[in-house]
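Numbering (our numbering), first residue to last: 1405 to 1694.
Ideal Cβ placement from N, Cα and C applies to all residues, glycine included.
Bear in mind the structure is a predicted one, so any value in this text is a computation, not a measurement.
Only one structure is covered here, and it is reproduced in the block below.
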Amino acid sequence: MREGSKLTRWSRRTAAVGGATLSALVLGQLALAGPVAAVPGLSIQTTTGPSNSIAKSQNAPCPTGTKVIGGGGAITGSGLGQVGMDIMRPLVGGDAYSVTGREDENGVGGNWAVTASAICARPPAGLVMVSGSSAPSLGTSNWFEKSCPLGKRAIGVGGAVVGAPNSEVVLEDLRIHQNSVVVAGAEDGTGFDDSWWLDATAICADPLPGEQRVTNDSDYTSAATRSVVATCPPGTRVHGVGGEILGGDGQVRLTQMRATTSTTVTVSAVEDEDGFGSNWKVRAYAVCAS
């Protein structure tokens, strides 16, 4: 059910701010070392699909007996500023995290690949996924918030921009607040002449031991690329991932938002092929627990 009452239009200059084909899985795992985690069985599962120039999805499945508690992805290869991670969310049932990449309306001559990354664990107390959608809009940018059930914390996020046949609407933000998640999107530099909307998924659970949220921002300048790392405090590990572009105006696309080690979250973005004259930055979110 769409929750249009929460829809708010943004100015494109506000700085604070699937035709997909399932590819073959190339499975990797990063086991979390260090002290016993707040959630037993914690691991990072990473898969990368083929490199070509077609829209595609990649799923990172969790090991048997575990569920997705967070996730993200990355795009590598050619034309990074023209390829959007338009869908980044857990699959229904929480057995895998899925990332979809699509080219903009101009297309990309070279090849690129999608990496999906799932943070998996034996289900923590109170684990639940809740989803919702904004109302369709003709606005140039929008955001949508989905709250966790009363008493639960948001530990993971998923989002999607829906309505465009290709990456003409950019998925800019997947933010994790304490009790909710926020997903935001913006039309690209050439605009989009039809309606579109946002889907948001909050992965929620009872408060985790030692739970805290860490954010970190890149420099706020006009540059072709930006990257930033959020690091969990000593004795804690990454349990959830989020990221956002601030001031990108639809002309900057996320190229990475994932846990790159057991204690760090990396968020990266690239300007589109025409560049972008205004200042912008990226922000990384890490949900950490002991």
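Looking at residue j and residue i, is the spacing between their C-beta atoms short of 8 Å?
i	j	result
G1536	V1518	no
G1563	M1661	no
T1640	G1614	yes
P1444	A1525	yes
W1600	G1567	yes
L1602	N1546	yes
G1654	D1592	yes
V1472	G1511	no
V1503	E1549	no
For residue i, I'd like the list of residues in its chain whose CB is within less than 7 Å of its CB, leaving aside the five on either flank, ordered along the chain.
i	result
C1552	V1534, A1558, N1583, S1584, A1606 and C1608
G1688	According to the sequence as given, residue 1688 is Ala; it is not Gly. Only T1619, N1620, V1632, V1633, A1634, G1647, V1669, T1670 and V1671 meet the Cβ criterion.
C1466	Q1449, V1472, D1499, A1500, A1522 and C1524
G1681	S1626
K1685	D1621, S1622, D1623, Y1624, R1630, L1650 and G1651
What does the alpha-carbon distance come out to for the pair residue i and residue j?
i	j	result
T1425	L1612	Residue confidence for T1425 is low, a pLDDT of 37 falling below 50, so the modelled location carries little weight and cannot support an answer.
T1470	G1644	15 Å
A1693	S1666	11 Å
L1531	D1623	35 Å
A1634	Q1449	19 Å
G1483	R1617	33 Å
L1561	R1657	Going by the sequence as given, residue 1561 is Val instead of Leu. The straight-line gap from Cα to Cα measures roughly 18 Å.
V1574	I1523	24 Å
A1628	G1652	11 Å
V1674	L1650	12 Å
P1528	S1571	35 Å
D1508	G1488	7 Å
R1630	Q1486	15 Å
A1478	T1664	10 Å
In its own chain, which residues sit with a C-beta less than 6 Å from the C-beta of residue i, not counting the 5 before and 5 after it?
i	result
S1427	Residue confidence for S1427 is low, a pLDDT of 36 falling below 50, so the modelled location carries little weight and cannot support an answer.
V1430	Annotation note: pLDDT 36 at V1430 (below 50); position unreliable, no value reported.
A1690	V1618, A1634, C1636, V1642 and V1669
A1435	In this prediction, A1435 scores a pLDDT of 39, lower than 50, which makes its location untrustworthy; no coordinate-derived value is stated.
G1476	S1521, V1645, M1661 and R1662
T1480	A1517
Spatial neighbours of residue i within its chain, please: C-beta separation below 8 Å, excluding the five flanking residues on both sides.
i	result
V1440	Any answer about V1440 is weak, because its pLDDT of 39 lies below 50 and its placement is not dependable; what the coordinates show is given next. Same-chain partners within the cutoff: there are none.
G1513	S1457, S1482 and G1483
A1437	Reliability fails at A1437, whose pLDDT of 37 lies under 50, so the model's placement of it is uncertain and no value is given.
N1683	A1419, Y1624, T1625, S1626 and G1651
Just grab the DSSP bridge partners of residue i for me.
i	result
P1613	None, per the DSSP bridge assignment.
L1602	V1565
E1591	V1573
G1543	None; G1543 has no bridge partner.
P1465	A1500
C1692	Q1616 and V1642
Inside the segment 1639 to 1667 only - beta strand (DSSP E) runs reaching at least 3 residues = As far as the segment 1639 to 1667 is concerned, its whole beta strand (DSSP E) runs of at least 3 residues are 1641 to 1650 and 1656 to 1663.
inquiry  = List, from N- to C-terminal side, the beta strand (DSSP E) runs of 3 residues or more that fit wholly inside the segment 1493 to 1526.
reply    = Correct list: 1500 to 1507 and 1516 to 1525.
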